[in-house]
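For the sequence shown, my numbering gives the first residue as 996, with consecutive numbering after it.
Backbone N, C-alpha and C define an ideal beta-carbon position, used for all residues, glycine too.
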Amino acid sequence: MSDKIVVGGVPVDTRHWIGGERVASPDTFTDHSPIDGAVLGEIARGGPAEAAAAVAAAKAAFPAWAATSRAERARILHAIADGVEKRLEELAVVETTDNGALLRSHRRGVMPRVAHNFRFFADWLLQLEHDDFETRGHTNHVSWDPAGPCVLITPWNAPLMLATWKVAPALAAGDTVVLKPAEWSPLTASLLADIAAEAGLPAGVLNVVQGYGAEIGDALTSHPDVRRISFTGSVPTAKRIAESAAANLTPLSLELGGKSPLLVFADADLDLAVDLAVEQYDNAGQVCLAATRFLVEEAVAEEFTRRFVEKASTLKQGDPRDEATDIGPSIHPRQLEKIDGFVRRALATGARAVVGGHRLDGQYYAPTLLTDVAQDSEIVQEEVFGPVLTLQTFTGEDEAVRLANDTRFGLAATLATGDPARAERVTARLVAGTVWVNCFFVRDLQAPFGGSRQSGVGREGGTWSFDFYCDLKNTVTAPNGWNNHG
(Lines of atoms letter the chains of each structure in order from A and count residues from 1; the text may use other names and numbers.)
(Lines give C-alpha, C1' and ligand atoms only; values in the text may rest on other atoms or scores of the structure.)
Protein backbone atom coordinates (compact mmCIF):
# COMPACT_ATOMS: atom_id res chain seq x y z
CA MET A 1 0.00 0.00 0.00
CA SER A 2 1.32 3.42 -0.91
CA ASP A 3 1.56 5.85 1.97
CA LYS A 4 0.09 8.59 -0.17
CA ILE A 5 -2.77 8.92 -2.58
CA VAL A 6 -3.50 11.74 -5.00
CA VAL A 7 -6.97 13.29 -4.82
CA GLY A 8 -7.82 15.97 -7.36
CA GLY A 9 -4.10 16.50 -7.90
CA VAL A 10 -3.43 16.83 -4.16
CA PRO A 11 -1.16 14.31 -2.36
CA VAL A 12 -2.73 13.02 0.87
CA ASP A 13 -0.96 10.79 3.37
CA THR A 14 -3.11 7.82 4.36
CA ARG A 15 -1.28 7.02 7.60
CA HIS A 16 -2.05 8.18 11.12
CA TRP A 17 -0.29 11.21 12.62
CA ILE A 18 0.97 10.29 16.10
CA GLY A 19 3.60 12.11 18.12
CA GLY A 20 4.72 14.19 15.16
CA GLU A 21 5.28 11.19 12.89
CA ARG A 22 3.39 9.24 10.27
CA VAL A 23 2.41 5.80 11.55
CA ALA A 24 1.08 2.96 9.43
CA SER A 25 -1.31 0.18 10.47
CA PRO A 26 -1.35 -3.44 9.33
CA ASP A 27 -5.02 -3.09 8.37
CA THR A 28 -6.70 -0.59 6.05
CA PHE A 29 -10.14 0.47 4.93
CA THR A 30 -11.21 1.67 1.50
CA ASP A 31 -12.26 5.27 1.01
CA HIS A 32 -14.70 5.94 -1.86
CA SER A 33 -15.85 9.19 -3.42
CA PRO A 34 -19.63 9.63 -3.16
CA ILE A 35 -19.59 11.57 -6.43
CA ASP A 36 -19.08 8.51 -8.62
CA GLY A 37 -18.13 5.69 -6.26
CA ALA A 38 -14.49 5.79 -7.33
CA VAL A 39 -11.92 4.30 -4.96
CA LEU A 40 -9.79 7.09 -3.53
CA GLY A 41 -7.40 4.86 -1.64
CA GLU A 42 -6.67 2.55 1.26
CA ILE A 43 -6.59 4.32 4.63
CA ALA A 44 -4.69 3.13 7.71
CA ARG A 45 -7.21 1.40 9.98
CA GLY A 46 -6.33 1.96 13.60
CA GLY A 47 -7.39 0.04 16.67
CA PRO A 48 -6.52 -0.15 20.36
CA ALA A 49 -2.75 -0.01 19.74
CA GLU A 50 -2.97 3.19 17.71
CA ALA A 51 -5.40 4.69 20.20
CA ALA A 52 -3.04 3.98 23.07
CA ALA A 53 -0.08 5.41 21.17
CA ALA A 54 -1.95 8.59 20.30
CA VAL A 55 -3.13 9.19 23.87
CA ALA A 56 0.40 8.51 25.16
CA ALA A 57 1.79 11.07 22.71
CA ALA A 58 -0.82 13.62 23.76
CA LYS A 59 -0.10 12.97 27.43
CA ALA A 60 3.65 13.36 26.95
CA ALA A 61 3.22 16.62 25.03
CA PHE A 62 0.71 18.11 27.45
CA PRO A 63 2.95 19.60 30.19
CA ALA A 64 5.01 21.69 27.78
CA TRP A 65 2.02 22.81 25.73
CA ALA A 66 0.02 23.70 28.84
CA ALA A 67 2.96 25.80 30.04
CA THR A 68 3.25 27.59 26.71
CA SER A 69 2.18 31.21 27.01
CA ARG A 70 -1.18 32.34 25.71
CA ALA A 71 0.55 34.63 23.25
CA GLU A 72 2.64 31.79 21.80
CA ARG A 73 -0.33 29.44 21.55
CA ALA A 74 -2.28 32.17 19.76
CA ARG A 75 0.62 32.79 17.39
CA ILE A 76 0.76 29.14 16.37
CA LEU A 77 -3.01 28.98 15.88
CA HIS A 78 -2.81 31.99 13.59
CA ALA A 79 0.01 30.25 11.71
CA ILE A 80 -2.25 27.22 11.24
CA ALA A 81 -4.95 29.54 9.88
CA ASP A 82 -2.37 30.97 7.48
CA GLY A 83 -1.60 27.44 6.31
CA VAL A 84 -5.28 26.69 5.78
CA GLU A 85 -5.69 29.83 3.69
CA LYS A 86 -2.57 29.02 1.68
CA ARG A 87 -3.94 25.55 0.86
CA LEU A 88 -7.61 26.52 0.71
CA GLU A 89 -8.13 25.31 -2.86
CA GLU A 90 -6.45 21.99 -2.14
CA LEU A 91 -8.55 21.46 0.97
CA ALA A 92 -11.73 22.35 -0.91
CA VAL A 93 -10.99 19.94 -3.76
CA VAL A 94 -10.05 17.05 -1.46
CA GLU A 95 -13.06 17.48 0.81
CA THR A 96 -15.52 17.75 -2.07
CA THR A 97 -14.09 14.59 -3.59
CA ASP A 98 -14.17 12.80 -0.25
CA ASN A 99 -17.61 13.77 1.09
CA GLY A 100 -19.53 15.11 -1.93
CA ALA A 101 -20.40 18.58 -0.63
CA LEU A 102 -20.41 21.46 -3.11
CA LEU A 103 -17.00 22.68 -4.23
CA ARG A 104 -18.28 26.24 -4.50
CA SER A 105 -19.39 26.10 -0.85
CA HIS A 106 -16.04 24.75 0.26
CA ARG A 107 -14.22 27.50 -1.58
CA ARG A 108 -16.37 30.41 -0.48
CA GLY A 109 -17.64 29.43 2.93
CA VAL A 110 -16.48 26.22 4.56
CA MET A 111 -12.69 26.43 4.21
CA PRO A 112 -12.56 30.16 5.06
CA ARG A 113 -14.55 29.21 8.17
CA VAL A 114 -11.89 26.60 9.01
CA ALA A 115 -9.25 29.33 9.07
CA HIS A 116 -11.59 31.58 11.04
CA ASN A 117 -12.06 28.87 13.68
CA PHE A 118 -8.35 29.04 14.49
CA ARG A 119 -8.15 32.83 14.36
CA PHE A 120 -11.25 33.33 16.50
CA PHE A 121 -10.16 31.07 19.35
CA ALA A 122 -6.60 32.39 19.21
CA ASP A 123 -7.92 35.92 19.67
CA TRP A 124 -10.53 34.90 22.25
CA LEU A 125 -7.79 33.25 24.30
CA LEU A 126 -5.91 36.53 24.55
CA GLN A 127 -8.95 38.37 25.92
CA LEU A 128 -10.23 35.56 28.12
CA GLU A 129 -10.61 36.85 31.66
CA HIS A 130 -13.05 37.16 34.53
CA ASP A 131 -13.15 40.24 36.70
CA ASP A 132 -11.91 39.62 40.22
CA PHE A 133 -14.56 39.99 42.91
CA GLU A 134 -14.54 40.25 46.66
CA THR A 135 -16.13 38.17 49.41
CA ARG A 136 -15.88 39.77 52.88
CA GLY A 137 -12.69 41.50 51.79
CA HIS A 138 -11.19 38.35 50.25
CA THR A 139 -10.27 38.51 46.55
CA ASN A 140 -11.62 35.83 44.19
CA HIS A 141 -9.65 35.25 41.00
CA VAL A 142 -11.01 32.88 38.32
CA SER A 143 -8.57 31.16 35.95
CA TRP A 144 -8.85 28.61 33.14
CA ASP A 145 -6.31 25.80 33.58
CA PRO A 146 -5.58 23.40 30.69
CA ALA A 147 -7.34 20.11 31.35
CA GLY A 148 -5.17 17.57 29.55
CA PRO A 149 -5.43 15.24 26.55
CA CYS A 150 -8.73 15.51 24.66
CA VAL A 151 -10.37 13.00 22.34
CA LEU A 152 -12.33 14.69 19.55
CA ILE A 153 -14.59 12.51 17.39
CA THR A 154 -16.02 14.28 14.37
CA PRO A 155 -18.69 13.63 11.70
CA TRP A 156 -18.57 13.28 7.94
CA ASN A 157 -20.98 15.98 6.78
CA ALA A 158 -18.57 18.93 7.23
CA PRO A 159 -15.39 17.08 8.18
CA LEU A 160 -12.73 19.76 8.48
CA MET A 161 -14.90 22.65 9.61
CA LEU A 162 -16.50 20.63 12.42
CA ALA A 163 -13.15 19.10 13.40
CA THR A 164 -11.50 22.50 13.75
CA TRP A 165 -14.51 23.83 15.66
CA LYS A 166 -13.24 21.43 18.35
CA VAL A 167 -9.49 21.33 17.67
CA ALA A 168 -9.01 25.11 17.70
CA PRO A 169 -10.47 25.82 21.17
CA ALA A 170 -8.86 22.72 22.65
CA LEU A 171 -5.42 23.79 21.44
CA ALA A 172 -6.05 27.38 22.47
CA ALA A 173 -7.01 26.19 25.94
CA GLY A 174 -3.61 24.49 26.29
CA ASP A 175 -4.90 20.94 25.83
CA THR A 176 -3.42 18.29 23.57
CA VAL A 177 -5.64 16.50 21.07
CA VAL A 178 -6.36 13.10 19.59
CA LEU A 179 -8.63 13.67 16.60
CA LYS A 180 -10.59 10.74 15.20
CA PRO A 181 -12.23 11.78 11.89
CA ALA A 182 -15.23 9.98 10.41
CA GLU A 183 -14.26 6.91 8.40
CA TRP A 184 -16.39 8.05 5.44
CA SER A 185 -14.45 11.33 5.05
CA PRO A 186 -10.98 11.08 6.65
CA LEU A 187 -8.76 12.88 4.17
CA THR A 188 -8.74 16.56 5.16
CA ALA A 189 -7.90 15.65 8.77
CA SER A 190 -4.66 14.20 7.43
CA LEU A 191 -3.94 17.44 5.57
CA LEU A 192 -4.66 19.38 8.77
CA ALA A 193 -1.93 17.42 10.53
CA ASP A 194 0.54 18.50 7.84
CA ILE A 195 -0.56 22.12 8.08
CA ALA A 196 -0.28 22.13 11.88
CA ALA A 197 3.21 20.66 11.78
CA GLU A 198 4.32 23.23 9.19
CA ALA A 199 2.92 25.97 11.44
CA GLY A 200 5.19 24.88 14.28
CA LEU A 201 2.74 23.00 16.49
CA PRO A 202 4.95 20.79 18.70
CA ALA A 203 4.94 17.03 18.15
CA GLY A 204 2.21 15.21 20.05
CA VAL A 205 0.02 18.26 20.58
CA LEU A 206 -2.23 17.21 17.68
CA ASN A 207 -2.61 13.54 16.78
CA VAL A 208 -4.88 12.10 14.08
CA VAL A 209 -5.97 8.47 14.15
CA GLN A 210 -8.25 6.85 11.59
CA GLY A 211 -10.44 3.83 12.01
CA TYR A 212 -13.90 2.34 12.07
CA GLY A 213 -16.25 3.19 14.91
CA ALA A 214 -15.90 1.13 18.06
CA GLU A 215 -12.73 -0.59 16.81
CA ILE A 216 -10.77 2.47 17.85
CA GLY A 217 -13.42 4.64 19.46
CA ASP A 218 -13.91 2.52 22.58
CA ALA A 219 -10.17 2.46 23.27
CA LEU A 220 -10.03 6.25 22.99
CA THR A 221 -13.10 7.12 25.04
CA SER A 222 -12.36 4.66 27.86
CA HIS A 223 -8.70 5.63 28.26
CA PRO A 224 -7.96 6.81 31.81
CA ASP A 225 -5.52 9.50 30.63
CA VAL A 226 -8.16 11.30 28.53
CA ARG A 227 -9.49 14.40 30.28
CA ARG A 228 -12.15 15.59 27.82
CA ILE A 229 -14.25 13.98 25.07
CA SER A 230 -16.12 15.99 22.46
CA PHE A 231 -18.31 14.18 19.96
CA THR A 232 -20.59 15.21 17.12
CA GLY A 233 -22.79 12.50 15.65
CA SER A 234 -25.70 10.20 16.36
CA VAL A 235 -27.56 9.58 19.60
CA PRO A 236 -26.81 5.80 19.69
CA THR A 237 -23.07 6.41 19.31
CA ALA A 238 -23.20 9.14 21.97
CA LYS A 239 -24.81 6.73 24.42
CA ARG A 240 -22.00 4.24 23.81
CA ILE A 241 -19.39 6.96 24.31
CA ALA A 242 -21.07 8.07 27.54
CA GLU A 243 -21.00 4.51 28.86
CA SER A 244 -17.35 4.17 27.90
CA ALA A 245 -16.39 7.49 29.54
CA ALA A 246 -18.36 6.81 32.70
CA ALA A 247 -15.72 4.57 34.30
CA ASN A 248 -13.31 7.52 34.42
CA LEU A 249 -15.95 10.26 34.83
CA THR A 250 -14.46 11.92 31.75
CA PRO A 251 -16.39 15.13 30.97
CA LEU A 252 -18.33 15.03 27.72
CA SER A 253 -19.57 17.54 25.18
CA LEU A 254 -22.08 15.95 22.83
CA GLU A 255 -23.65 17.61 19.76
CA LEU A 256 -26.14 15.12 18.43
CA GLY A 257 -29.04 14.80 16.05
CA GLY A 258 -31.88 17.13 15.27
CA LYS A 259 -35.40 17.16 13.90
CA SER A 260 -35.75 20.90 13.82
CA PRO A 261 -38.91 22.76 12.80
CA LEU A 262 -39.46 25.69 10.46
CA LEU A 263 -42.54 27.57 11.70
CA VAL A 264 -44.22 29.72 9.04
CA PHE A 265 -46.96 32.06 10.26
CA ALA A 266 -49.53 33.68 8.00
CA ASP A 267 -47.99 37.10 8.66
CA ALA A 268 -44.59 36.01 7.34
CA ASP A 269 -42.97 37.24 4.15
CA LEU A 270 -43.78 34.13 2.10
CA ASP A 271 -40.97 34.67 -0.38
CA LEU A 272 -38.52 34.77 2.53
CA ALA A 273 -40.15 31.74 4.13
CA VAL A 274 -39.87 29.76 0.90
CA ASP A 275 -36.23 30.77 0.50
CA LEU A 276 -35.55 29.55 4.04
CA ALA A 277 -37.39 26.33 3.32
CA VAL A 278 -35.51 25.51 0.13
CA GLU A 279 -32.24 26.25 1.93
CA GLN A 280 -32.88 23.15 4.04
CA TYR A 281 -31.70 21.05 1.09
CA ASP A 282 -28.19 22.43 1.66
CA ASN A 283 -25.48 19.74 1.58
CA ALA A 284 -28.04 17.24 0.30
CA GLY A 285 -29.90 17.58 3.60
CA GLN A 286 -26.89 16.32 5.54
CA VAL A 287 -26.98 19.13 8.09
CA CYS A 288 -27.76 18.48 11.75
CA LEU A 289 -29.31 21.93 12.12
CA ALA A 290 -31.62 21.61 9.12
CA ALA A 291 -35.26 22.55 9.68
CA THR A 292 -36.64 19.37 8.18
CA ARG A 293 -40.19 19.77 9.56
CA PHE A 294 -42.20 22.57 7.97
CA LEU A 295 -45.04 23.73 10.22
CA VAL A 296 -47.15 26.16 8.20
CA GLU A 297 -50.24 28.09 9.27
CA GLU A 298 -53.27 26.72 7.45
CA ALA A 299 -54.24 30.07 5.94
CA VAL A 300 -51.05 30.19 3.82
CA ALA A 301 -50.17 26.50 3.54
CA GLU A 302 -51.47 26.05 -0.02
CA GLU A 303 -49.68 29.14 -1.33
CA PHE A 304 -46.49 28.30 0.57
CA THR A 305 -46.49 24.79 -0.90
CA ARG A 306 -47.08 26.07 -4.43
CA ARG A 307 -44.18 28.52 -4.20
CA PHE A 308 -41.93 25.94 -2.57
CA VAL A 309 -42.54 23.37 -5.31
CA GLU A 310 -41.88 26.01 -7.95
CA LYS A 311 -38.59 27.10 -6.38
CA ALA A 312 -37.40 23.59 -5.55
CA SER A 313 -37.91 22.58 -9.17
CA THR A 314 -35.15 25.01 -10.20
CA LEU A 315 -32.48 23.26 -8.10
CA LYS A 316 -29.81 21.45 -10.07
CA GLN A 317 -28.61 18.15 -8.72
CA GLY A 318 -25.40 16.53 -9.87
CA ASP A 319 -21.63 16.62 -9.68
CA PRO A 320 -20.69 18.89 -6.75
CA ARG A 321 -17.59 20.04 -8.58
CA ASP A 322 -19.80 21.80 -11.13
CA GLU A 323 -20.28 25.46 -10.19
CA ALA A 324 -23.95 25.30 -11.23
CA THR A 325 -24.81 22.34 -8.98
CA ASP A 326 -27.06 23.01 -5.98
CA ILE A 327 -27.35 19.51 -4.50
CA GLY A 328 -24.70 16.82 -4.51
CA PRO A 329 -24.76 13.13 -3.55
CA SER A 330 -25.40 11.36 -0.28
CA ILE A 331 -22.16 10.48 1.48
CA HIS A 332 -22.33 6.67 1.31
CA PRO A 333 -24.46 3.85 -0.13
CA ARG A 334 -25.46 2.89 3.40
CA GLN A 335 -26.74 6.39 4.07
CA LEU A 336 -28.62 6.40 0.77
CA GLU A 337 -30.34 3.14 1.72
CA LYS A 338 -31.31 4.65 5.06
CA ILE A 339 -32.83 7.73 3.38
CA ASP A 340 -34.73 5.65 0.83
CA GLY A 341 -36.04 3.36 3.56
CA PHE A 342 -37.46 6.29 5.53
CA VAL A 343 -39.29 7.61 2.47
CA ARG A 344 -40.59 4.25 1.29
CA ARG A 345 -42.01 3.48 4.73
CA ALA A 346 -43.61 6.92 4.93
CA LEU A 347 -45.25 6.55 1.51
CA ALA A 348 -46.48 3.09 2.45
CA THR A 349 -48.26 4.50 5.49
CA GLY A 350 -50.09 7.31 3.67
CA ALA A 351 -47.60 10.13 3.13
CA ARG A 352 -47.70 11.94 -0.21
CA ALA A 353 -44.62 13.17 -2.10
CA VAL A 354 -45.33 16.59 -3.58
CA VAL A 355 -41.65 16.85 -4.52
CA GLY A 356 -39.28 13.96 -5.22
CA GLY A 357 -39.68 10.81 -3.18
CA HIS A 358 -37.30 8.56 -5.11
CA ARG A 359 -33.69 7.61 -5.72
CA LEU A 360 -31.69 8.78 -8.69
CA ASP A 361 -28.66 7.18 -10.34
CA GLY A 362 -25.55 6.66 -8.24
CA GLN A 363 -25.60 8.01 -4.69
CA TYR A 364 -28.11 10.76 -5.40
CA TYR A 365 -31.54 11.15 -3.87
CA ALA A 366 -34.14 13.50 -5.30
CA PRO A 367 -35.02 16.50 -3.09
CA THR A 368 -38.23 15.43 -1.39
CA LEU A 369 -41.16 17.06 0.40
CA LEU A 370 -43.75 14.81 2.05
CA THR A 371 -47.20 15.90 3.19
CA ASP A 372 -50.07 14.01 4.86
CA VAL A 373 -47.75 12.86 7.64
CA ALA A 374 -48.84 12.12 11.19
CA GLN A 375 -47.10 13.77 14.14
CA ASP A 376 -46.23 10.42 15.69
CA SER A 377 -44.95 8.90 12.43
CA GLU A 378 -41.35 7.80 12.00
CA ILE A 379 -40.70 10.34 9.25
CA VAL A 380 -41.69 13.21 11.56
CA GLN A 381 -39.98 11.91 14.69
CA GLU A 382 -36.66 10.50 13.47
CA GLU A 383 -33.67 12.19 11.84
CA VAL A 384 -33.31 11.19 8.18
CA PHE A 385 -30.13 13.17 7.38
CA GLY A 386 -30.90 13.48 3.71
CA PRO A 387 -32.83 15.81 1.36
CA VAL A 388 -36.20 14.82 2.84
CA LEU A 389 -38.59 17.36 4.38
CA THR A 390 -42.11 17.11 5.75
CA LEU A 391 -44.98 19.62 5.84
CA GLN A 392 -47.72 19.88 8.46
CA THR A 393 -50.20 22.66 9.18
CA PHE A 394 -51.36 24.43 12.33
CA THR A 395 -54.05 26.95 13.25
CA GLY A 396 -52.48 29.02 16.04
CA GLU A 397 -49.43 29.65 18.19
CA ASP A 398 -50.27 27.02 20.77
CA GLU A 399 -50.56 24.26 18.19
CA ALA A 400 -47.45 25.47 16.37
CA VAL A 401 -45.37 25.33 19.54
CA ARG A 402 -46.82 21.98 20.56
CA LEU A 403 -45.93 20.41 17.21
CA ALA A 404 -42.51 22.06 17.16
CA ASN A 405 -41.57 20.71 20.59
CA ASP A 406 -43.09 17.27 20.12
CA THR A 407 -39.95 15.24 19.34
CA ARG A 408 -37.12 13.91 21.51
CA PHE A 409 -34.73 16.43 19.93
CA GLY A 410 -34.06 20.11 20.57
CA LEU A 411 -31.13 21.28 18.48
CA ALA A 412 -32.54 24.25 16.57
CA ALA A 413 -35.68 25.95 15.28
CA THR A 414 -36.40 28.50 12.57
CA LEU A 415 -39.28 30.97 12.72
CA ALA A 416 -40.79 33.04 9.91
CA THR A 417 -43.12 35.82 11.02
CA GLY A 418 -43.70 39.50 10.41
CA ASP A 419 -44.71 40.16 14.03
CA PRO A 420 -41.85 40.92 16.48
CA ALA A 421 -44.10 40.32 19.49
CA ARG A 422 -45.11 36.90 18.15
CA ALA A 423 -41.48 36.06 17.49
CA GLU A 424 -40.62 36.87 21.09
CA ARG A 425 -43.53 34.85 22.47
CA VAL A 426 -42.92 31.78 20.34
CA THR A 427 -39.15 31.81 20.69
CA ALA A 428 -39.49 31.81 24.48
CA ARG A 429 -41.54 28.61 24.31
CA LEU A 430 -39.44 26.63 21.80
CA VAL A 431 -37.14 23.90 23.09
CA ALA A 432 -33.96 24.44 21.09
CA GLY A 433 -30.32 25.34 21.52
CA THR A 434 -30.50 27.85 18.65
CA VAL A 435 -33.51 29.73 17.26
CA TRP A 436 -33.33 31.71 14.02
CA VAL A 437 -35.98 34.35 13.34
CA ASN A 438 -36.45 35.21 9.65
CA CYS A 439 -32.98 33.83 8.88
CA PHE A 440 -31.08 30.54 8.93
CA PHE A 441 -27.60 29.23 9.67
CA VAL A 442 -26.18 32.51 10.97
CA ARG A 443 -23.59 31.36 13.51
CA ASP A 444 -21.19 33.53 15.46
CA LEU A 445 -18.40 31.65 17.21
CA GLN A 446 -18.82 33.70 20.36
CA ALA A 447 -22.39 32.41 20.83
CA PRO A 448 -23.16 29.21 22.75
CA PHE A 449 -23.90 26.22 20.54
CA GLY A 450 -25.43 22.89 21.51
CA GLY A 451 -28.69 21.04 21.85
CA SER A 452 -31.43 20.31 24.34
CA ARG A 453 -32.97 16.94 25.15
CA GLN A 454 -31.38 14.19 23.04
CA SER A 455 -29.76 16.73 20.74
CA GLY A 456 -26.82 16.98 23.07
CA VAL A 457 -25.09 17.77 26.31
CA GLY A 458 -23.23 21.01 26.99
CA ARG A 459 -22.45 24.16 25.03
CA GLU A 460 -19.38 25.24 23.08
CA GLY A 461 -18.44 28.55 21.49
CA GLY A 462 -16.66 31.61 22.87
CA THR A 463 -16.01 31.36 26.59
CA TRP A 464 -18.23 28.25 26.80
CA SER A 465 -15.58 26.33 24.83
CA PHE A 466 -12.87 27.31 27.29
CA ASP A 467 -15.18 26.42 30.19
CA PHE A 468 -15.34 22.89 28.74
CA TYR A 469 -11.75 22.40 27.61
CA CYS A 470 -10.30 23.83 30.84
CA ASP A 471 -10.50 23.17 34.55
CA LEU A 472 -11.88 26.36 36.05
CA LYS A 473 -10.10 27.42 39.21
CA ASN A 474 -11.10 30.04 41.75
CA THR A 475 -8.25 31.38 43.91
CA VAL A 476 -9.33 33.15 47.11
CA THR A 477 -6.79 35.43 48.78
CA ALA A 478 -7.20 36.82 52.27
CA PRO A 479 -7.05 40.61 52.81
CA ASN A 480 -3.60 41.84 53.79
CA GLY A 481 -2.55 38.19 53.78
CA TRP A 482 0.96 39.04 52.60
CA ASN A 483 1.81 40.87 55.81
CA ASN A 484 1.15 37.94 58.12
CA HIS A 485 4.46 36.22 57.53
CA GLY A 486 6.76 39.21 57.90
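For the 7 Å CB-CB criterion, G1041 and Q1275 do not form a contact.
In the three-state DSSP reduction, R1448 falls in the helix class (H, G or I).
Q1312 has I1322 as its beta-bridge partners, per DSSP. In the DSSP annotation of this structure, the continuous segment of the beta strand (DSSP E) that includes A1348 starts and ends at R1347 to V1350.
Setting aside the 5 residues that flank it on each side, A1110 is surrounded in the same chain by A1076, V1079 and E1080, each with a C-beta closer than 6 Å to its C-beta; the list follows chain order. Classified as exposed, S1064 has fewer than 16 neighbouring CB atoms from the shown chains inside 10 Å of its CB. With contacts defined by Cβ atoms closer than 7 Å, W1151 and W1179 form a contacting pair. For Y1359, no pairing in a beta bridge is given by DSSP. Exclusion of the five residues before and after S1225 leaves L1147, K1161 and S1248 as the residues of its chain whose Cβ lies within less than 6 Å of its Cβ. Going by beta carbons, L1365 and A1348 fall inside the 7 Å limit. Residue burial annotation: L1355 is exposed, with fewer than 16 other C-beta atoms found within 10 angstroms of its C-beta. Your pair L1406 and G1253 checks out as a contact, with CB atoms roughly 3 Å apart and the cut at 8 Å. Distance between I1038 and E1292, taken at the CA atoms: about 50 Å. Of A1361, P1362, Q1358 and T1388, the smallest CA-CA separation from V1368 is found for T1388.
If you draw a straight line from the Cα of A1047 to the Cα of G1445, it comes to about 29 Å.
A residue is called buried when at least 16 other Cβ atoms come within 10 angstroms of its Cβ; T1385 meets this threshold and is buried. The alpha-carbon of L1467 is positioned some 44 Å away from that of G1323. P1474 sits away from G1456, with the two beta carbons spaced by 7 Å or more. In the three-state DSSP reduction, E1124 falls in the coil class, being neither helix nor strand.
In summary, S1239 is buried, with 16 or more beta-carbon neighbours lying within 10 Å of its beta-carbon over all protein chains present. For the pair of segments examined, the segment 1098-1116 was found not to touch the segment 1425-1436: the number of CB pairs separated by less than 8 Å stays below three.
Residue pairing from DSSP places P1256 in a beta bridge opposite R1288. For the set L1398, R1454 and R1316, the Cα lying nearest the Cα of P1029 is the one of R1316. In this structure, the beta-carbon distance from L1123 to F1461 falls below 7 Å. L1215 has its alpha-carbon roughly 16 Å from the corresponding atom of S1020.
Fully enclosed beta strand (DSSP E) runs of no fewer than 3 residues occupy 1128-1130, 1133-1141, 1144-1148 and 1171-1175 of the segment 1116-1186, in order along the chain.
Following the DSSP letters along the chain, one finds H1027 inside the beta strand (DSSP E) bounded by residues T1023 to H1027.
The beta carbons of A1263 and T1412 sit closer together than 7 Å.
Each residue's CA atom was taken as its position, placing L1098 and E1084 some 9 Å apart.
Here G1451 has L1249, E1250, L1251 and G1445 as same chain residues with Cβ atoms under 6 Å from its own Cβ, once five neighbours each way along the sequence are excluded.
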